[in-house]
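*Asks:* In the order they appear, the protein sequences are chains A and B. Reminder that position 222 of the first sequence reads as 222 in our numbering, one-by-one numbering, no gaps. Reminder that position 135 of the second sequence reads as 542 in our numbering, one-by-one numbering, no gaps. I have a structure here, written as structure tokens, and I will follow up with some questions on it.
Number of protein chains: 2
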Amino acid sequence: MSPGTPTDVLVVGGGVIGLSIAWKAAVAGHAVTVVDTRPGHGASWAAAGMLAPVGEAHFGEDALTALNIEAVRAWPAFARVLEHESGMAVDLVAEGTLLVAVDPSDLAATDDLLDYRRTLGLSAHRRSARECRAAEPLLAPGIRGGAELVDDHQVDNRRVVEALILACRSRGVTFVEDEVVEVTTGTDGVTGVVLGTAEALAGTVVVVAAGCRSGQLGGLPEHVLPPVRPVKGLTLRLRAGDGVAGLRRTVRGLVHGRSCYLVPRPDRSVVVGATVEEKGFDTTVQVGAVGDLLDDARRLIPSLEEYELVDITTGLRPGSPDNAPIVGRTGIAGLLMATGHFRNGILLAPLTAQAVAAMLDSRHGEHDGQGPFARFGPARFASPVRSGTGPVDGPSTGGAAPSDVGR
Amino acid sequence: MSPGTPTDVLVVGGGVIGLSIAWKAAVAGHAVTVVDTRPGHGASWAAAGMLAPVGEAHFGEDALTALNIEAVRAWPAFARVLEHESGMAVDLVAEGTLLVAVDPSDLAATDDLLDYRRTLGLSAHRRSARECRAAEPLLAPGIRGGAELVDDHQVDNRRVVEALILACRSRGVTFVEDEVVEVTTGTDGVTGVVLGTAEALAGTVVVVAAGCRSGQLGGLPEHVLPPVRPVKGLTLRLRAGDGVAGLRRTVRGLVHGRSCYLVPRPDRSVVVGATVEEKGFDTTVQVGAVGDLLDDARRLIPSLEEYELVDITTGLRPGSPDNAPIVGRTGIAGLLMATGHFRNGILLAPLTAQAVAAMLDSRHGEHDGQGPFARFGPARFASPVRSGTGPVDGPSTGGAAPSDVGR
């Protein structure tokens, strides 16, 4: 694929990652087809839309955190262009997040988190309980204190996928509402995909952005399939009725050791998220998950009691062995991976799309050792893990690909 | 309406009350039309299906309790014939209910309830915590004890309304999926109804069984409209997945002063009910109601945690000033009321249908002073309440109607 040469790009998966890639690839002049049974309605639909570079479980994942920080900074420009091309608002709110602690041990965790964020160069300011309640008057009187997380933003994830679909269409992206059961290959690399209907689509590049199902595609050797697993998440959508006070601030609560996001939207709804459950490919709405989220949310903001419960959605995040994304070329020419984004799919979509679009335009992956995903290529899992001959967490080989993977 | 003379009966409202009346009237040979925008999907759909003669708020309502006790006893025969005529099971379970108390004050309330039930001649046996857990192994270890309520049964309310619709159809009942905006009257009494489409339907008898909306019909003088108000209730439906233990017994829990029913169905689902909320005609699903029910249910049966939350439904019960139903003739010839069943609509449907069918067949209401609804006729509210000239809770005048109300 020489620069400027249009390529037939097949994107497997129409979540926020696949759609962002399709859009940017179409902008770059490629002929793009997205295959998904229901674009935008997987994990991207269930998400809360937090653009939070440092999650509660990310201590020690410095490389990933650095990537996430870069990703937050990429969002405003991405949103601006997306809104322009789609003609719809995606409601990016870059006003920071109020972190609040419910008990003394949550407050200690808050302090640890603040220290860690400062070492990363992120702005974060300790706030007293009184200051927290001044910032968000609906907070429960009993909260212990918290912090202002200046760099944690939010975007309406559902509007983002809807806008991406519009932007893709306006750029001529073709949507095929089906599933991909197999990737087809020839001696020169990928040749296309086979759909659930048994119909074959030809393509010179196949981008696997099928989230937690990316490891289940037929037609590929085992060692090429990404080691992703489903990590269930459940979010609730509440809405303030007439005469009920709306939430002002995005709140991240630590509630007796559990984390809970409350993300207000301009329509007076609030997204509450999210559970993190290892339950395989199960998407049922479970009593415990709903009950716990409702309890935590009400403990933070008692007046949510009066809100209407308008939606309960589950989704399956693509988790990888090191919690980091898997983005880059594979050992098969023309086969690219963009999966494993775990809890950061919305956050990382702009950078992922940009990186994959660059791969489509570069010859033979000569620049792949650079860029934000250099340490997050498929190669870090490919051979050693599957063959058992090398260390699982060996030094990153970067996204550098075998020769001639780009065409 | 002389005995044996077919009458054109218009039933306003297709809930469990209207459907039961329509079915029994059709069985008696009348030409029956039911008008409802969505038969069976109001309060009857939201119900849990408990056939409990003594609710937690019924102390002192002895006449109503006596009616309810008679109603429980009418259910087996009603269910048997309904199942026969509809060809579908309604899953009546006459195995009693296990009452359990969560804290010492709930246990004291249990003892009070037992005493009251014994004065009514109902069988009820005190059970230790250990005995309760032997009867239902999924009960939380911390429960304080409880009782076996021998006369509290359950039926699948949704199957009941579905079966009633089938039974009605098989008996030639006509369904009109619209709303009634007005009852039309002439010098001889009712002449029919006007629909939302402005179409008029003629009828010689109009039975108002429109639940909490029965007081809103146009075309009738104020003093004839029944004083019903909407009392919101919310129920949850949970389901045990594969490998998750199902609930054995119908459980009524007292949870820190709140009441919570857990009603298992043969398909391994459990209905959890129900809130009692005075919120006008609001049917939104509120966070507090869902959260409280989930909390109470989990406190009683911790393993419900693993159940799937499959349904949340709200409904508006028709509450009356004395919590008792309003069944009988009115001051307008041919106009019958069957509403105000509050929390006992499913329970009272068989008796109500039988009573109204008898009114259709009797001349001039000569037997109306007898029968189970003698003390629960519309006349007890009609003049005194509205004119302010008599006591609100004066001695019952029975269902005895003004002369010539039956035709």
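Backbone N, C-alpha and C define an ideal beta-carbon position, used for all residues, glycine too.
I'd like to know if T284/A contacts chain B, where contact means its C-beta is closer than 8 Å to some C-beta of that chain.
*Replies:* With 8 Å as the cut-off, T284/A counts as an interface residue toward chain B.
*Asks:* By Cβ distance, which residues of its chain are closer than 8 Å to G257/A, with the 5 residues on each side in sequence left out?
*Replies:* Result list for G257/A: S105, D106, A109, in chain order.
*Asks:* Scan the stretch 304–319 of chain A for residues whose Cβ lies nearer than 9 Å to a Cβ of chain B and list them as they occur along the chain.
*Replies:* For the stretch 304–319 of chain A, which is checked against every Cβ of chain B, the residues closer than 9 Å are L304, E305, E306, Y307, E308, L309, V310, I312.
*Asks:* Can you give me the Cβ contacts of L360/A inside the same chain, cut-off strictly under 7 Å, excluding the 5 residues immediately before and after it?
*Replies:* These residues qualify, in order along the chain: M1, T7, V9, A25, A28, H30, V205.
*Asks:* How close, in whole Å, do the beta carbons of G635/B and T746/B come, if the pair is a contact with beta carbons under 8 Å?
*Replies:* For clarity, residue 635/B is Val in the given sequence; the question names Gly instead. The Cβ separation is near 5 Å, so the contact holds.
*Asks:* Among the candidates D282/A, A210/A, L139/A, V190/A, whose CA atom is the shortest distance from the CA of A202/A?
*Replies:* With distances taken between Cα atoms, A202/A lies closest to V190/A.
*Asks:* Please state whether the Cβ-Cβ distance between F387/B and L641/B is less than 8 Å.
*Replies:* Because residue 387/B is not part of the residues shown, which for chain B are 408 to 814, the question remains open.
*Asks:* Could you tell me the distance, in whole angstroms, from the CA atom of G40/A to the CA atom of A358/A?
*Replies:* Spanning the two alpha carbons is a distance of roughly 23 Å.
*Asks:* Is it true that the stretch 114–121 of chain A meets the stretch 264–282 of chain A, where meeting means three or more beta-carbon pairs spaced less than 8 Å apart?
*Replies:* Cβ pair count under 8 Å is below three, so no.
*Asks:* Excluding five sequence neighbours on each side, which residues of the same chain lie with their C-beta closer than 6 Å to the C-beta of E182/A?
*Replies:* Taken in chain order, the residues that qualify are V194, G218, G219.
*Asks:* Under a Cβ-count criterion, where at least 16 other Cβ atoms within 10 Å of its own Cβ denotes burial, should G648/B be classed as buried or exposed?
*Replies:* G648/B comes out exposed.
*Asks:* L645/B versus chain A: which residues are under 8 Å apart at the beta carbon?
*Replies:* In chain order: V287.
*Asks:* Under DSSP, the alpha helix (DSSP H) around R705/B begins and ends at which residues?
*Replies:* Looking at the DSSP string, the run of the alpha helix (DSSP H) that includes R705/B is 694–707.
*Asks:* For L505/B versus G553/B, is the C-beta spacing smaller than 8 Å?
*Replies:* Yes, they are a contact pair.
*Asks:* Excluding sequence positions up to five away, which residues of its chain have a Cβ less than 6 Å from the Cβ of A22/A?
*Replies:* These residues qualify, in order along the chain: V11, V32, V34, C168, V173.
*Asks:* Do the stretch 731–738 of chain B and the stretch 667–680 of chain B meet, that is, are 3 or more Cβ pairs less than 8 Å apart?
*Replies:* These segments do not touch.
*Asks:* With 16 as the cutoff for other CB atoms within 10 Å, does S214/A come out buried or exposed?
*Replies:* Buried, since its Cβ has 16 or more Cβ neighbours within 10 Å.
*Asks:* Near E713/B, what residues of its chain come up, given a Cβ to Cβ distance below 6 Å and the 5 sequence neighbours on each side ignored?
*Replies:* Answer for E713/B: V651, listed in chain order.
*Asks:* Which one of T250/A, V102/A, T185/A, T275/A has the shortest CA to CA distance from S128/A?
*Replies:* Ranking T250/A, V102/A, T185/A, T275/A by Cα distance to S128/A puts V102/A first.
*Asks:* Excluding the 5 residues flanking E715/B on each side, which residues of the same chain have their C-beta closer than 7 Å to its C-beta?
*Replies:* Answer for E715/B: L645, R646, G648, listed in chain order.
*Asks:* Can you give the Cα-Cα distance for P266/A and L149/A, rounded to whole angstroms?
*Replies:* Straight-line Cα distance between these residues: approximately 20 Å.
*Asks:* Looking at C-alpha atoms only, which residue of T592/B, E586/B, A781/B, R782/B is the closest neighbour of T444/B?
*Replies:* When only C-alpha atoms are compared, the closest one is E586/B.
*Asks:* Take S676/B and list the residues in its own chain whose beta-carbon comes closer than 8 Å to its own, dropping the five residues that flank it on each side.
*Replies:* Within the same chain, S676/B has close Cβ partners R644, L645, R646, A647, V717.
*Asks:* Starting from D295/A, find everything on chain B with Cβ-Cβ shorter than 8 Å and list it in chain order.
*Replies:* Here the neighbours are G698, D702.
*Asks:* With 16 as the cutoff for other CB atoms within 10 Å, does T197/A come out buried or exposed?
*Replies:* Answer is exposed; the Cβ neighbour count stays below 16.
*Asks:* Answer with yes or no whether the minimum CB distance from G241/A to chain B is below 8 Å.
*Replies:* Yes, contact with chain B.
*Asks:* Buried or exposed for G15/A, going by 16 or more other Cβ atoms inside 10 Å?
*Replies:* Buried, since its Cβ has 16 or more Cβ neighbours within 10 Å.
*Asks:* If you drop the 5 nearest sequence neighbours on each side, which residues of the same chain put their C-beta closer than 8 Å to that of T804/B?
*Replies:* Annotation note: pLDDT 37 at T804/B (below 50); position unreliable, no value reported.
*Asks:* Determine whether the Cβ of V248/A lies closer than 8 Å to any Cβ atom of chain B.
*Replies:* First, the amino acid is wrong: residue 248/A is Arg here, not Val. No - not a single Cβ of chain B is within 8 Å of the one on R248/A.
*Asks:* If we define contact as Cβ-Cβ less than 8 Å, is R265/A a contact residue for chain B?
*Replies:* It does not: the Cβ of R265/A has no partner Cβ on chain B nearer than 8 Å.
*Asks:* Could you compute how far the alpha carbon of N157/A sits from the alpha carbon of S44/A?
*Replies:* If you take the alpha carbons of N157/A and S44/A, they lie about 7 Å apart.
*Asks:* For G552/B, which of helix, strand or coil comes out of DSSP?
*Replies:* G552/B falls in the strand class under three-state DSSP.
*Asks:* At a CB-CB cut-off below 8 Å, which residues of chain B make contact with R258/A?
*Replies:* What R258/A touches in chain B: nothing, since even the nearest Cβ is about 15 Å away.
*Asks:* Determine the DSSP secondary structure at M337/A, reduced to helix, strand or coil.
*Replies:* Three-state DSSP puts M337/A in a strand.
*Asks:* Please classify P548/B as buried or exposed, where buried requires at least 16 neighbouring CB atoms within 10 angstroms.
*Replies:* Exposed, since its Cβ has fewer than 16 Cβ neighbours within 10 Å.
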